[in-house]
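In my numbering, the protein residues as written are 1082 to 1300.
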């Protein structure tokens, strides 16, 4: 094998490896699809919440939040407040939140611990966040405002959002009317941290086959 062919082959292999690495990094943020994790109470009645963030369900550039009680939660309750952080605080002023149970929302650079009539103060500390979303109203309203499951969509006025903005961030939840059956007199405040994005590996294109050896010259 002559030296020029060997150099070309090595150069092609290096380029393919670099392309594969770049595609892996891009895919891990652009095509992560969803993050699911739990939150546990830091004060109040024992409860457990499950949250899923999805960057495809609501359309490109938007994040859908789905919040409910984990299957192994010993209690249920009425969601009143959902709080979370975002890794890029320059986006806060352009965030928009819409959903069937959203009453109001507020944003602030790490200083939000209450929204409407819901707060996360307790246990000797104040847990503060970048965004607070009030869900529903005080009381069960005769069962009409007993919100045990909710979804809402987060968007931005000028930027596309993706899950990388919410990986390894803190989330908080305020729940009232916590309990079981007809015994719903408790309350709970919970906190949880989202996981990192799962890696998405993109297979590199197949290596090119070496050129066939030239036919021997006629003798």
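Virtual Cβ for every residue (Gly too), placed ideally from N, Cα, C.
Check	Outcome
Under the three-state reduction of DSSP, which class applies to residue 1106: helix, strand or coil?	In this prediction, residue 1106 has a pLDDT of 36, which is less than 50 and means its spatial position is unreliable; nothing more can be read from the coordinates.
Counting pairs of Cβ atoms below 8 Å between the region 1193-1210 and the region 1164-1171, do you hit three or more?	yes
Among 1234, 1120, 1178, 1283, which one has its Cα closest to the Cα of residue 1137?	1234
Using DSSP with H/G/I as helix, E/B as strand and the rest coil, what is residue 1235?	strand
Residue 1145 and residue 1271 look like a contact to me (Cβ under 8 Å); what is the Cβ gap, rounded to whole Å?	Going by Cβ atoms, the distance from residue 1145 to residue 1271 rounds to 20 Å, so no, they are not a contact pair.
Just verifying my parser: in three-state terms, what is the DSSP assignment at residue 1191?	strand
Cα-Cα, which of 1295, 1260, 1290 is closest to residue 1156?	1260
Does the region 1238-1254 come within contact of the region 1273-1287, defined as at least 3 CB pairs closer than 8 Å?	yes
Roughly how far, in whole angstroms, is the beta-carbon of residue 1242 from the beta-carbon of residue 1236, given that I think they are within contact range, below 8 Å?	7 Å
Output the boundary residues of the beta strand (DSSP E) element that contains residue 1212.	1210-1216
Report the three-state DSSP secondary structure of residue 1229 (helix, strand or coil).	coil
Could you check how far apart the C-beta atoms of residue 1158 and residue 1269 are, in whole angstroms? I think they sit under 8 Å.	6 Å
Pull up the CB-CB distance for residue 1214 and residue 1178, whole angstroms please, since I reckon it's below 8 Å.	6 Å
Where DSSP assigns a beta bridge to residue 1260, which residues make up the other side?	1157
Report the rounded CA-to-CA distance for residue 1124 versus residue 1203, giving the unit in angstroms.	7 Å
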